[in-house]
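**Student:** Quick one: structure below, then a few questions.
Number of protein chains: 4
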Amino acid sequence: MPKGRLEAFSDGVIAILITIMVLELHIPAGTSWHALGHELPVLLTYLLSFVYLGIYWNNHHHLLAAVSRVSGATLWANLHLLFWLSLVPFSTAWMSEHRFPSIPTAVYGIVLLAASIAYLILQTALLRAEGEQSRLRAALGSDVKGKISTLLYCLGIGLAFADRWLGLAVYVTVALIWLVPDRRVERQLTTAPAESSQ
Amino acid sequence: MPKGRLEAFSDGVIAILITIMVLELHIPAGTSWHALGHELPVLLTYLLSFVYLGIYWNNHHHLLAAVSRVSGATLWANLHLLFWLSLVPFSTAWMSEHRFPSIPTAVYGIVLLAASIAYLILQTALLRAEGEQSRLRAALGSDVKGKISTLLYCLGIGLAFADRWLGLAVYVTVALIWLVPDRRVERQLTTAPAESSQ
Amino acid sequence: MPKGRLEAFSDGVIAILITIMVLELHIPAGTSWHALGHELPVLLTYLLSFVYLGIYWNNHHHLLAAVSRVSGATLWANLHLLFWLSLVPFSTAWMSEHRFPSIPTAVYGIVLLAASIAYLILQTALLRAEGEQSRLRAALGSDVKGKISTLLYCLGIGLAFADRWLGLAVYVTVALIWLVPDRRVERQLTTAPAESSQ
Amino acid sequence: MPKGRLEAFSDGVIAILITIMVLELHIPAGTSWHALGHELPVLLTYLLSFVYLGIYWNNHHHLLAAVSRVSGATLWANLHLLFWLSLVPFSTAWMSEHRFPSIPTAVYGIVLLAASIAYLILQTALLRAEGEQSRLRAALGSDVKGKISTLLYCLGIGLAFADRWLGLAVYVTVALIWLVPDRRVERQLTTAPAESSQ
Numbered sequence: 523m524p525k526g527r528l529e530a531f532s533d534g535v536i537a538i539l540i541t542i543m544v545l546e547l548h549i550p551a552g553t554s555w556h557a558l559g560h561e562l563p564v565l566l567t568y569l570l571s572f573v574y575l576g577i578y579w580n581n582h583h584h585l586l587a588a589v590s591r592v593s594g595a596t597l598w599a600n601l602h603l604l605f606w607l608s609l610v611p612f613s614t615a616w617m618s619e620h621r622f623p624s625i626p627t628a629v630y631g632i633v634l635l636a637a638s639i640a641y642l643i644l645q646t647a648l649l650r651a652e653g654e655q656s657r658l659r660a661a662l663g664s665d666v667k668g669k670i671s672t673l674l675y676c677l678g679i680g681l682a683f684a685d686r687w688l689g690l691a692v693y694v695t696v697a698l699i700w701l702v703p704d705r706r707v708e709r710q711l712t713t714a715p716a717e718s719s720q
Numbered sequence: 523m524p525k526g527r528l529e530a531f532s533d534g535v536i537a538i539l540i541t542i543m544v545l546e547l548h549i550p551a552g553t554s555w556h557a558l559g560h561e562l563p564v565l566l567t568y569l570l571s572f573v574y575l576g577i578y579w580n581n582h583h584h585l586l587a588a589v590s591r592v593s594g595a596t597l598w599a600n601l602h603l604l605f606w607l608s609l610v611p612f613s614t615a616w617m618s619e620h621r622f623p624s625i626p627t628a629v630y631g632i633v634l635l636a637a638s639i640a641y642l643i644l645q646t647a648l649l650r651a652e653g654e655q656s657r658l659r660a661a662l663g664s665d666v667k668g669k670i671s672t673l674l675y676c677l678g679i680g681l682a683f684a685d686r687w688l689g690l691a692v693y694v695t696v697a698l699i700w701l702v703p704d705r706r707v708e709r710q711l712t713t714a715p716a717e718s719s720q
Numbered sequence: 523m524p525k526g527r528l529e530a531f532s533d534g535v536i537a538i539l540i541t542i543m544v545l546e547l548h549i550p551a552g553t554s555w556h557a558l559g560h561e562l563p564v565l566l567t568y569l570l571s572f573v574y575l576g577i578y579w580n581n582h583h584h585l586l587a588a589v590s591r592v593s594g595a596t597l598w599a600n601l602h603l604l605f606w607l608s609l610v611p612f613s614t615a616w617m618s619e620h621r622f623p624s625i626p627t628a629v630y631g632i633v634l635l636a637a638s639i640a641y642l643i644l645q646t647a648l649l650r651a652e653g654e655q656s657r658l659r660a661a662l663g664s665d666v667k668g669k670i671s672t673l674l675y676c677l678g679i680g681l682a683f684a685d686r687w688l689g690l691a692v693y694v695t696v697a698l699i700w701l702v703p704d705r706r707v708e709r710q711l712t713t714a715p716a717e718s719s720q
Numbered sequence: 523m524p525k526g527r528l529e530a531f532s533d534g535v536i537a538i539l540i541t542i543m544v545l546e547l548h549i550p551a552g553t554s555w556h557a558l559g560h561e562l563p564v565l566l567t568y569l570l571s572f573v574y575l576g577i578y579w580n581n582h583h584h585l586l587a588a589v590s591r592v593s594g595a596t597l598w599a600n601l602h603l604l605f606w607l608s609l610v611p612f613s614t615a616w617m618s619e620h621r622f623p624s625i626p627t628a629v630y631g632i633v634l635l636a637a638s639i640a641y642l643i644l645q646t647a648l649l650r651a652e653g654e655q656s657r658l659r660a661a662l663g664s665d666v667k668g669k670i671s672t673l674l675y676c677l678g679i680g681l682a683f684a685d686r687w688l689g690l691a692v693y694v695t696v697a698l699i700w701l702v703p704d705r706r707v708e709r710q711l712t713t714a715p716a717e718s719s720q
């Protein structure tokens, strides 16, 4: 199966999710700076979720760029990832409208954790199809970032019950770690030119 | 007519439908696990509809992969399928918000049944254009799964009036049957390489 | 300018418009057939607008298939068409929620009329770029359908003030006239093979 | 990295933003011309934001047409632009629903200003990757329009506090300046044929 439609469908879903959150933004009740400031925590949470979805799109882009074909199993691994990402607007709204209570803040982290596990499953499915000698294998290396993120999400979820701001701080930290796009694949693609051009 | 825009438009519509349902998810009234649990039936129904739309996208992907060109009639057969799929969020919300009464549960099944018939019409329109000797014909075989699904939808709609949980169980069963993507086409594409590469 | 992104963007906007109307569908207040029946006029209007947007997508597909490149002016002619199409969900909702009063029914016709004029402008802009000897010119012929539609929309808008059902009947008639996709371009493309394959 | 998915994702997000604003349009309370007229300021603001997003899509289209590949940094510069554009529906709604008070009108200008700066950053990132001898560099020239726009946005934001209508008039002026698509790139592409065809 060529990978074109998988990319187009994922682009579509992530583009919708990243913009659908704007619909959750309530128009400030008044027309003063103070009324806008009251919505600031919601706006900042929107920014955080925007960055997270941007990171996933970015990494998805790099991941798929390194493979040439996709199997039926990959299609489902990809839909599984999109399912968890589709819960991001819901958990963002629940957390931010109630101004970050413990449980919604933890649930936000659980959705992020589930999405990161779904991404690992997709990556593994692609790796299995591509083989150990593939460009993807070489590009990914030991995937330290992925492993650290999983640990940090668990830490964030736990901390949300102790101090919600600490939990949020951990989520922001993971986002900052990933803001640098996955240059490994990019570097690999540059040094080892695409098969078609060999 | 090349098939590119038909695929792109269908990808767009299904991507929107699969994510638009998130907008139907009400934020839990409270911030406790109990408040989240209260929304669980709605979340699970969202998951079911997500899987159904995922199945349609997957099968649509496989179906179109086996054809090379589309006619004007196919465009309308495709829009007809998209129309029924577009009613999935509506019937999902009606059924789940009222906690699965008989009639909305039956209507959910009717929408699924209509979508499956629309899919058959699209498949038939493509088959007629491709011919009896085509790869698509060989790939589809006797289409046992399609026929069984139609029967099961009818069963589910009937059972919804006797016991709504039985009706829902049938819908879940059909989804599980299809979760395995339509490997027939994939196998066919692998054994019989695409015409362009012959 | 290649036409790829113009097609992709138009596909995106029309796909969103055609599905966004589902969000306007109110879940029936009760769970009886009667409650669903109460929403039937809204559902039927949704069907009509779905068909109209499907017609535009279909004709847009055929129109663009016959051209090879687009100019800056064409991009704006296309955005102008998309602007009027984007008002379809708004006018559909206004007309159907109030159960088809004269003025909203006339406004629905005015939006359809404006969209059809915008389509003519786009068609003219493409024709001017392609030239009188082009495949597009040959494919479009005298465009009787387009001219009749414009007249019928005016008739429908007028009739909406006399009898709203007559006005609606005219809108349905225009949709039926166009349901047959624009075979002229298709036929032309079949008889006169694409330049690239000559 | 090929630029295909960057274009597809941006097309998706801008297509959604441009249509999502329709959801903000409230159906008029009554069914008279007067009730529709009451919504006219909202409709006209929708038109203004539609034109702005159309301009960005148009210029984005021209900008990307002149480059051949994108880097990881460009992906983020693009997401940064999309973030500010995604706030356009929110600020449009806040400004128009309250009928253009000073602060929301200024905030609308601030969002437009931030988007224009984000566009400049994206342009600069692409220019750096393409080099001083590139077609893009030649096509952009001294970018007088971009510099004037930035000044006018600042003027508009200031004027919004003195007289909101003057502020709005400045925003409309900037839109009119840009309504003419960026022909520089188009001309350049025509005179200097694409590398692939050389």
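Chains as they are written, first to last, in the numbering used here: chain A, 523 to 720; chain B, 523 to 720; chain C, 523 to 720; chain D, 523 to 720.
The C-beta atom is built at its ideal place from N, Cα and C for all residues, glycine as well.
Using a Cβ cut-off of 7 Å, which residues of the stretch 523-551 of chain C contact any Cβ in chain B, in chain order?
**Tutor:** Glu529, Ala530, Asp533, Gly534, Ala537, Ile538, Ile540, Thr541, Val544, Leu545, Leu547, Ile549 and Pro550
**Student:** Would you call the stretch 625-634 of chain B and the stretch 543-556 of chain C touching, i.e. three or more CB-CB distances under 8 Å?
**Tutor:** yes
**Student:** Starting from A/Asn580, find everything on chain D with Cβ-Cβ shorter than 7 Å and list it in chain order.
**Tutor:** Within the first sequence, the letter at position 58 stands for residue 580 of chain A. Those within 7 Å of A/Asn580 in chain D are Leu597.
**Student:** Would you call D/Ser638 buried or exposed, if buried means 16 or more other Cβ atoms sit within 10 Å of its Cβ?
**Tutor:** Reading the fourth sequence from its first residue, position 116 is the one you call residue 638 of chain D. Flag for D/Ser638 reads buried.
**Student:** Is the separation between the beta-carbon of C/Val573 and that of D/Ala537 shorter than 9 Å?
**Tutor:** Numbered from its first residue, the third sequence carries residue 573 of chain C at position 51. Numbered from its first residue, the fourth sequence carries residue 537 of chain D at position 15. It is not a contact, given that the beta carbons lie outside the stated cut-off.
**Student:** If C/Leu634 sits next to C/Tyr693, beta carbons under 8 Å apart, how far is it from one beta carbon to the other, in whole angstroms?
**Tutor:** Taking the first residue of the third sequence as 1, we reach residue 634 of chain C at position 112. Taking the first residue of the third sequence as 1, we reach residue 693 of chain C at position 171. Correct: roughly 7 Å between the Cβ atoms.
**Student:** So which of D/Asp665, D/Pro563, D/Gly576 and D/Asn581 has the shortest CA-CA distance to D/Ala615?
**Tutor:** Translated into the one-based positions of the fourth sequence, residue 615 of chain D becomes position 93. Here the closest residue by C-alpha is D/Pro563.
**Student:** Please confirm if B/Ala661 has its CB atom under 9 Å from at least one CB of chain C.
**Tutor:** Sequence index remark: in the second sequence, residue 661 of chain B carries index 139 (1-based). False, the Cβ-Cβ gap to chain C never drops below 9 Å.
**Student:** Could you tell me the alpha carbon to alpha carbon distance between D/Val629 and D/Leu662, rounded to whole angstroms?
**Tutor:** Along the fourth sequence, read from residue 1 onward, the residue named residue 629 of chain D stands at position 107. Along the fourth sequence, read from residue 1 onward, the residue named residue 662 of chain D stands at position 140. D/Val629 and D/Leu662: Cα-Cα distance of roughly 29 Å.
**Student:** I'd like to know whether the C-beta atoms of B/Val678 and B/Gly689 end up nearer to each other than 9 Å.
**Tutor:** Here the question's residue 678 of chain B lines up with position 156 in the second sequence. Here the question's residue 689 of chain B lines up with position 167 in the second sequence. Val is not the amino acid found at residue 678 of chain B; the sequence shown has Gly there. For B/Gly678 and B/Gly689, yes; Cβs fall inside 9 Å.
**Student:** Can you pull the chain D residues whose beta carbon is under 9 Å from the beta carbon of A/Phe572, in chain order?
**Tutor:** Counting from 1 along the first sequence, the entry for residue 572 of chain A is found at position 50. Within chain D, the residues near A/Phe572 are Leu601, Leu604, Phe605 and Ser608.
**Student:** Hey, quick one: how far does the alpha helix (DSSP H) through C/Lys667 stretch, first residue to last?
**Tutor:** By 1-based counting over the third sequence, the position of residue 667 of chain C is 145. Looking at the DSSP string, the run of the alpha helix (DSSP H) that includes C/Lys667 is Val666 to Ala684.
**Student:** At what residues does the alpha helix (DSSP H) containing C/Ala615 begin and finish?
**Tutor:** Translated into the one-based positions of the third sequence, residue 615 of chain C becomes position 93. Looking at the DSSP string, the run of the alpha helix (DSSP H) that includes C/Ala615 is Val610 to Glu619.
**Student:** What residue does the alpha helix (DSSP H) around C/Arg657 start on, and which one ends it?
**Tutor:** In the third sequence, the residue the question calls residue 657 of chain C occupies position 135. From DSSP, the alpha helix (DSSP H) with C/Arg657 extends over Arg657 to Leu662.
**Student:** Would A/Asp533 and D/Arg621 be called neighbours here (beta carbons separated by less than 9 Å)?
**Tutor:** Locating residue 533 of chain A in the first sequence gives position 11, counting from the first residue. Locating residue 621 of chain D in the fourth sequence gives position 99, counting from the first residue. No, these two residues do not count as a Cβ contact at 9 Å.
**Student:** Under 9 Å, CB to CB, which of the residues in the stretch 614-640 of chain D have a partner in chain C?
**Tutor:** For the stretch 614-640 of chain D, which is checked against every Cβ of chain C, not one residue is closer than 9 Å.
**Student:** Within its chain, find whatever has a CB closer than 7 Å to the CB of A/Leu681; leave out the 5 residues flanking it on each side and keep chain order.
**Tutor:** The residue labelled residue 681 of chain A in the question sits at position 159 within the first sequence. Contacts found: Leu688, Gly689 and Val692.
**Student:** Give me the Cα-Cα distance between A/Gln655 and A/Leu649, rounded to the nearest whole angstrom.
**Tutor:** Here residue 655 of chain A refers to the residue found at position 133 of the first sequence. Here residue 649 of chain A refers to the residue found at position 127 of the first sequence. Going by the C-alpha atoms only, they are around 10 Å apart.
**Student:** For D/Ile670, tell me which candidate among D/Ala599, D/Trp700 and D/Ala684 has the shortest Cα-Cα distance.
**Tutor:** Here residue 670 of chain D corresponds to residue number 148 of the fourth sequence, with the count starting at 1. Nearest C-alpha to D/Ile670: D/Trp700.
**Student:** In chain D, which residues lie with their C-beta within 8 Å of the C-beta of C/Phe612?
**Tutor:** On the third sequence, residue 612 of chain C is found 90 positions in, with the first residue counted as 1. Ordered by position in chain D, the residues that pass the 8 Å Cβ test against C/Phe612 are Val544, Leu547 and Ile549.
**Student:** Which same chain residues, not among the five before or five after A/Pro715, have their C-beta less than 8 Å away from its C-beta?
**Tutor:** Sequence index remark: in the first sequence, residue 715 of chain A carries index 193 (1-based). In this prediction, A/Pro715 scores a pLDDT of 42, lower than 50, which makes its location untrustworthy; no coordinate-derived value is stated.
**Student:** Rounded to whole angstroms, how far is the Cβ of A/Thr596 from the Cβ of A/Ala636, which I believe are closer than 8 Å?
**Tutor:** If you number the first sequence from 1, residue 596 of chain A lands on position 74. If you number the first sequence from 1, residue 636 of chain A lands on position 114. Going by Cβ atoms, the distance from A/Thr596 to A/Ala636 rounds to 19 Å, so no, they are not a contact pair.
**Student:** Which residues in chain A sit within 7 Å of B/Met553, going by Cβ to Cβ distance?
**Tutor:** By 1-based counting over the second sequence, the position of residue 553 of chain B is 31. According to the sequence provided, residue 553 of chain B is Thr. The question's Met does not apply to it. Those within 7 Å of B/Thr553 in chain A are His620, Pro623, Ile625 and Pro626.
**Student:** At a CB-CB cut-off below 7 Å, which residues of chain D make contact with A/Ala587?
**Tutor:** Taking the first residue of the first sequence as 1, we reach residue 587 of chain A at position 65. Result: Met523.
**Student:** Between D/Ser593 and the rest of its own chain, which residues show a CB-CB distance below 8 Å, the 5 nearest in sequence each way excluded?
**Tutor:** Within the fourth sequence, residue 593 of chain D is the residue found at index 71, counting from 1. Here the set comprises Met523, Ala647 and Ala651.
**Student:** Check whether chain B comes within 9 Å of C/His584, counting only Cβ atoms and requiring the distance to be less than that.
**Tutor:** Locating residue 584 of chain C in the third sequence gives position 62, where the first residue counts as 1. Yes, C/His584 lies at the interface with chain B (some Cβ there is under 9 Å from its Cβ).
**Student:** Would you mind telling me which residues of chain C sit closer than 7 Å to D/Gly576, beta carbon to beta carbon, in chain order?
**Tutor:** Here residue 576 of chain D refers to the residue found at position 54 when the fourth sequence is read from its first residue. For D/Gly576, the C-beta contacts it makes with chain C under 7 Å involve Leu601, in order along the chain.
**Student:** When burial is assigned at 16 or more other CB atoms within 10 Å of the CB, is B/Arg686 buried or exposed?
**Tutor:** Position 164 of the second sequence, counted from the start, is the residue given in the question as residue 686 of chain B. B/Arg686 is buried by the Cβ-count criterion.
**Student:** Since I believe C/Thr541 is in contact with B/Ile632 (beta carbons under 8 Å), could you give me their beta-carbon distance rounded to a whole number of angstroms?
**Tutor:** By one-based count along the second sequence, residue 632 of chain B stands at place 110. By one-based count along the third sequence, residue 541 of chain C stands at place 19. Going by Cβ atoms, the distance from B/Ile632 to C/Thr541 rounds to 20 Å, so no, they are not a contact pair.
**Student:** Could you name the residues of chain B that C/Leu558 contacts, counting a contact when the two beta carbons are closer than 9 Å?
**Tutor:** Position 36 of the third sequence, counted from the first residue, corresponds to residue 558 of chain C. Ordered by position in chain B, the residues that pass the 9 Å Cβ test against C/Leu558 are Trp616, Ile625, Pro626 and Val629.
**Student:** Output the distance between the C-alpha atoms of C/His582 and B/Trp579, rounded to the nearest integer angstrom.
**Tutor:** Residue mapping note: residue 582 of chain C aligns to position 60 of the third sequence, counting from 1. Residue mapping note: residue 579 of chain B aligns to position 57 of the second sequence, counting from 1. Between C/His582 and B/Trp579, the C-alpha separation is close to 23 Å.
**Student:** Among the residues of its own chain, which have a CB less than 6 Å from the CB of B/Leu674, if the five just before and after it don't count?
**Tutor:** The sequence position of residue 674 of chain B within the second sequence is 152, counting from 1. Only Val692 and Val696 meet the Cβ criterion.
**Student:** Starting from D/Gly653, trace the alpha helix (DSSP H) in both directions and tell me its first and last residue.
**Tutor:** For the purposes of this step, residue 653 of chain D is taken as residue 131 along the fourth sequence, with counting starting at 1. From DSSP, D/Gly653 is part of no alpha helix (DSSP H); its letter is neither H nor E.
**Student:** Report all residues from its chain with a CB closer than 6 Å to the CB of D/Ala588; omit the five preceding and five following residues, and keep chain order.
**Tutor:** Against the fourth sequence, residue 588 of chain D aligns to sequence position 66. Around D/Ala588: Arg657, Leu658, Ala661 and Val707.
**Student:** Any idea if C/Gly576 is buried or exposed, counting beta-carbon neighbours within 10 angstroms, 16 or more meaning buried?
**Tutor:** Here residue 576 of chain C refers to the residue found at position 54 when the third sequence is read from its first residue. Under this definition C/Gly576 is a buried residue.
**Student:** Pull up the distance between the alpha-carbon of A/Leu585 and that of B/Ser590, whole angstroms please.
**Tutor:** Locating residue 585 of chain A in the first sequence gives position 63, where the first residue counts as 1. Locating residue 590 of chain B in the second sequence gives position 68, where the first residue counts as 1. Distance between the alpha carbons of A/Leu585 and B/Ser590 is about 28 Å.
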